[in-house]
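Anchor point for the sequence shown: position 148 equals 1295 in the working numbering, and the numbering is continuous, going up by one each time.
Contents: one structure, followed by commentary.
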Amino acid sequence: MPPLWFFTDQARLPDPLPVIGRLPRGLCGVVFRHDGAADRVALARRVAALCRARRLILVVAGDARLAAALRAGLHLRGGRRGVQPLPGIVTSSAHRARDVVRARRAGADVIFISPAFATKSHAGAPGLGALGWRRLARLARPARCAALGGITGRNVRSLRKICAMAGAIEVFMPNWQLT
1148 MPPLWFFTDQ ARLPDPLPVI GRLPRGLCGV VFRHDGAADR VALARRVAAL CRARRLILVV
1208 AGDARLAAAL RAGLHLRGGR RGVQPLPGIV TSSAHRARDV VRARRAGADV IFISPAFATK
1268 SHAGAPGLGA LGWRRLARLA RPARCAALGG ITGRNVRSLR KICAMAGAIE VFMPNWQLT
C-alpha cells in the first residue's frame, strides 16, 4: 500500500494530470474526486492511464461503475457502501466515529481520517488534532489508517506509528508553501 495519497480537487486543481505525472513512481495512490467535471469520464480515463504508466494505485470516489470500467479501486465517502465489493482496493473517508465503524464494516482497506489538522478543504472547521485523530484511528483497526487534512511533514509525526499513510491535496500542488 502506498504511503502517500493525492486527492484530486476539482475546485483547486481542475487538471490533476500534471501533479499525477510528478508523483513518485510506485509510491503513491490517487483518489479521483472530480464528480462535477463536464469531461469527467474522459478525464478519469486519462488519469487511469497515467496511473498505470507510473505504477500508482487509483481509486474512484463514490462511483463503483466508473471504478470497475477503469479497473480501479473504490473510495467510499463516510464509509457508505451501497455497492457490492469490487475486486480492487477499497478506501474510505471518515470524519467521526460512526464513519470509521461504517468504513470498517464495509471492508475498507484504508480509512482516511480527516480533517487531521485545520485545512482549506474544511474551512472554519477545527482539525481533530493528534489526540482526536489517534482516538478515531484506534476504532479503525484492523484497517490501515491514513491522515488527511492539513498534513505537513512536521505535524504528521505527531500521529505516531498508528498513522500508516497520509493523503493531501495542496502539498502536491505547484507553488505550495508551508505556512
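Yeah, the Cβ is synthetic: ideal placement off N, Cα and C, and Gly gets one too.
As the structure is a computational prediction, the values presented were derived from the model and not from experiment.
Top-ranked residue by Cα proximity to residue i, from the options
i     : options                    : result
I1309 : R1281, V1247, G1300        : R1281
R1236 : A1244, L1203, P1321, R1187 : According to the sequence displayed, residue 1236 carries Ile and not Arg. It is L1203 whose Cα lies nearest to the Cα of I1236.
F1154 : R1304, S1268, L1286, A1272 : S1268
R1224 : R1288, V1194, V1248        : V1248
A1214 : G1254, F1319, V1318, T1238 : T1238
L1174 : A1184, A1250, R1201        : R1201
T1299 : R1285, R1288, V1318, A1287 : V1318
R1172 : A1315, A1253, L1205        : L1205
D1256 : S1240, G1279, R1301        : S1240
G1296 : H1242, R1288, A1253        : H1242
R1288 : F1259, A1315, R1301, I1316 : F1259
A1211 : A1184, R1180, C1198, R1199 : R1180
D1186 : V1166, A1315, Q1157, R1301 : Q1157
A1184 : L1197, D1162, A1196, I1316 : D1162
Residue i, buried or exposed, once every other Cβ within 10 Å from all chains shown has been counted against 16
i     : result
D1246 : buried
G1168 : exposed
P1150 : exposed
W1152 : buried
A1294 : buried
Q1324 : In this predicted model, Q1324 has a pLDDT of only 47, less than 50, meaning its place in the structure is not dependable; the value taken from the coordinates is given anyway. Per the 10 Å Cβ criterion, exposed.
A1146 : For the chain, the structure presents residues 1148 to 1326; residue 1146 sits outside this window and is missing.
Proximity of residue i and residue j at Cβ, strictly below 8 Å
i     : j     : result
G1306 : A1265 : Checking the sequence shown, residue 1306 turns out to be Leu, not Gly. Contact: no.
L1275 : P1262 : yes
V1188 : V1177 : no
L1170 : M1320 : no
A1253 : L1286 : no
G1226 : A1250 : yes
Beta-carbon separation (whole angstroms), residue i vs residue j, contact threshold 8 Å
i     : j     : result
G1220 : D1182 : Between D1182 and G1220 the Cβ distance is about 17 Å, and since that is not below 8 Å, they are no contact.
C1292 : A1311 : 6 Å
V1303 : A1313 : 5 Å
A1191 : L1217 : 6 Å
Contact test: residue i Cβ vs the ligand FAD heavy atom, cutoff 7 Å
i     : result
M1320 : Of ligands this structure carries none, so the ligand FAD is not represented either.
| message | Suppose only complete runs of 3+ residues qualify. What are the beta strand (DSSP E) ranges in the segment 1192-1274, listed by chain order? | response | 1204-1208, 1220-1223, 1237-1241, 1257-1260
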